[in-house]
Amino acid sequence: EIQAGMGRTGKMWACEHSKVAPDLMAIAKSIAGGLPLSILVGRKEIMDSWGPAAHLGTFAGNPLACAAANKVLEIMERDRLAEKAAEKGKYFLAGLSDLAEKHPIIGQVDGIGLYLSIEFIKDKKTKEPAGEEAGFMMSQCIKEGLICEHSGYYYNRFNLIPSLVISREEIDRALKIFDGIFSKTERKFGIG
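First residue of the sequence shown: 7, per our numbering; consecutive thereafter.
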């Protein structure tokens, strides 16, 4: 839940999609709106097994970060950010799917809510990973002001993890930038 939680997938917690109730859940990053805070949540019998002071440390219980987390949770609920992430994610994924139809360098797009991914390949038949090409596209995206996470075993994937308050206009701008960069990359590397 550190990366996929806090409304990112269209539900408050990603585990809700599978209807699994985890024994322990790690929550961090978004929980305190940029302040350093991580939380371990668990079933009572597991958490009680530690004893009252076993999890304390120098930076535990930082009052400013905890206050920020309370405010983040309030805003998440008030503004229905998880619900909106589901809607915006469907819109973004539909746009990425349209690009996948157009661009042979795209092997697959997938995701849920605003937790999306694009896989790049050199050839639709062999599915050979396009790692070098993805690296080139990453540098082009940065030049255009579009920040993505370069990932995957072959570094041939982009993870797209935009702000939960991204607008449709910003999604459209990202799709337009991607379209141009994918075309440029296909020409440069002779794909398609």
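Don't be surprised by glycine CBs; every beta carbon is placed ideally from N, CA and C. No experiment lies behind these values; they were computed from the predicted model shown.
First and last residue of the uninterrupted alpha helix (DSSP H) at residue i
| i | result |
| --- | --- |
| G141 | G137 to K149 |
| D178 | R174 to F195 |
| E51 | K50 to D54 |
| L70 | P69 to R84 |
Reduced DSSP category for residue i - H, G, I as helix; E, B as strand; rest coil
| i | result |
| --- | --- |
| M18 | coil |
| G95 | helix |
| A60 | coil |
Cα-Cα separation, residue i to residue j
| i | j | result |
| --- | --- | --- |
| K35 | T15 | 15 Å |
| A71 | E51 | 26 Å |
| A91 | I8 | 16 Å |
| K182 | I172 | 15 Å |
Beta-carbon gap between residue i and residue j smaller than 7 Å
| i | j | result |
| --- | --- | --- |
| A88 | K17 | yes |
| G135 | N165 | The residue asked about is misnamed: residue 135 is Pro in this sequence, not Gly. Taking 7 Å as the Cβ cut-off, P135 and N165 do not qualify as a contacting pair. |
| G158 | K133 | no |
| G13 | L122 | no |
| L99 | G117 | yes |
Residue range of the beta strand (DSSP E) that includes residue i
| i | result |
| --- | --- |
| L122 | Y121 to F126 |
| N165 | R163 to L166 |
| V115 | I112 to I118 |
Take every Cβ of the stretch 32 to 49, pair it with every Cβ of the stretch 60 to 79, and state whether three or more of those distances are shorter than 8 Å. yes
Using 8 Å as the threshold, is the stretch 101 to 108 in touch with the stretch 135 to 146, meaning 3 or more CB pairs across them? no
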